[in-house]
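All residue numbers for the sequence shown refer to the numbering used here, where the first residue is 791 and numbers rise by one.
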Amino acid sequence: MSKKIFSGVQPTGNLHLGNYLGAIKNFVELSSGKDNQCIFCVVDLHAITVKQNPKELKKNIRETAATFIASGIDPNQSIIFNQSMVSAHAEAAWILSCVSKIGWLNRMTQFKEKAGKDKEKASIGLYSYPVLMAADILLYDATHVPVGDDQKQHLELCRDIAQKFNNDYNVTDFLQVPEPLIHKKFSRIMSLKDGKKKMSKSDPSDLSRINLTDQKDEIVNKIKKAKTDNSLMPENSKNLNKRPEVENLLGIYSSLKNQNLEESINEFQRKNFSEFKEKLSDVLVEKIDPISKEIKKLLDDVKYLDKILLEGSNKANEIASKKIKEIRKLVGF
Ligand code: TYM
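Right, dumping it as structure tokens:
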């Protein structure tokens, strides 16, 4: 069955291995499926839900687009664009926010994490951000949305919003209720310093993550310093969840090698960490170093990147403007 794929990544700098293994690697695989229609969005409207430096934001928009291309997404096959260039996203977000319930948004755990203790000081945009995310997806009638595990709740909300709109306006199946595509195993990559914390661009320690712009020496150094424990490599998967750092590193290795966890465990059974870390660094360097080099090369060609984003937004706009027209009509405008 052909799929309509939509997904987004925030241009907030420091794209990392979690973004790659949880999402972008999946984008690349899906975009090579002949019958799939893929749209990958640099979600700059989402980025400004927390304060951004305008110059940095501009650079990060290009860098995110460059990361998509450097990872293997072909801009001639897939649409790559930035959200703020297609005004239907903001308009649809407003309309959908009027069918979404405050109670639904109050349940969003990511808002609670991001807003921290002082919720009163968080922006309204940060709070209503999942509605904008729903607008992104629903404007394109996306059937499938590849994301990491941390976006699962937002996708469930998106499904609720679609159903509520269809119900309220009495239009069966008008908004397509999308399916999340979340890897069963490696959809949550953890910090290299703390196996209980998600790998994240906002972690103050750069040693906690592998950035997609890291070079060979940085990758090797970060893996050398990655937290492990005093035992040997595990014999089997029993009790592995009690060793979260080891489980995470084995997960990263398995995902990069496209093999299951058991195979990786068998490969390093009862060996020293140094031996495993060496092999892990090798596969990481093999995968990430070429991406990092390609990102740098692409960033030297700003004109090319801007052309891709402009062409992509023209194509996205064609689809989204038709859908928003229909939405406006249904609403009574
Ligand atoms: P963002 O920009 O935080 O992350 C982009 C993608 O990377 C995944 N990800 C991870 N996966 C595994 N392990 C990790 N440590 C990790 N960290 C991040 C995220 O799950 C995501 O798939 N709200 C979204 C962006 C968005 C979107 C959309 C996604 C806006 N509109 C529409 C899908 C469809 C976000 O902030 O992702």
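Using N, Cα and C, we set each Cβ at its ideal position, and we do this for glycine too.
Check: Contacting residues, own chain, Cβ-Cβ under 6 Å from phenylalanine 1066 (five flanking each side not counted); Outcome: Met1023, Phe1058
Check: Distance between glutamate 1035 and alanine 855 (C-alpha atoms, nearest Å); Outcome: 31 Å
Check: Cβ-heavy atom distance, alanine 860 to the ligand TYM, below 8 Å; Outcome: no
Check: Contacting residues, own chain, Cβ-Cβ under 7 Å from histidine 806 (five flanking each side not counted); Outcome: Met989, Lys991, Arg999, Ile1000, Asn1001, Leu1002
Check: Backbone CA spacing between aspartate 759 and methionine 980 [nearest angstrom]; Outcome: For residue 759 there is no data in the structure shown, the boundaries of the chain being 791 and 1123.
Check: Extent of the continuous alpha helix (DSSP H) to which leucine 847 belongs; Outcome: 844 to 861
Check: Between the CA atoms of arginine 978 and glutamate 1108 - distance to the nearest angstrom; Outcome: 34 Å
Check: Lysine 988 CB to nearest heavy atom of the ligand TYM below 8 Å; Outcome: yes
Check: With 16 other Cβ atoms within 10 Å as the buried cut-off, status of leucine 1074; Outcome: buried
Check: Cysteine 888 beta carbon near the ligand TYM (any heavy atom closer than 8 Å); Outcome: no
Check: Local conformation of serine 874 per DSSP, three classes; Outcome: helix
Check: Spatial neighbours of alanine 1110 in its chain, beta-carbon cut-off 6 Å, leaving aside the 5 residues before and after; Outcome: Val876, Ala878, Leu929
Check: Separation of methionine 791 from asparagine 957, as counted between CA atoms; Outcome: 27 Å
Check: Simplified DSSP state of glutamine 941, which is helix, strand or coil; Outcome: helix
Check: Beta carbon proximity, asparagine 1001 to chain B, threshold 9 Å; Outcome: Protein chain content of the structure displayed is limited to a single chain, and chain B is not contained in it.
Check: Sub-9 Å separation of leucine 965 and histidine 836 beta-carbons; Outcome: no
Check: Cβ neighbours of glutamate 1116 in the same chain (closer than 8 Å, five flanking residues each side left out); Outcome: Phe964
Check: Reference threonine 1062, options Pro865, Lys954, Thr1018, Ser913, closest by Cα; Outcome: Here residue 1062 turns out to be asparagine, not threonine, going by the sequence shown. Of the candidates Pro865, Lys954, Thr1018, Ser913, the one whose C-alpha sits nearest the C-alpha of asparagine 1062 is Thr1018.
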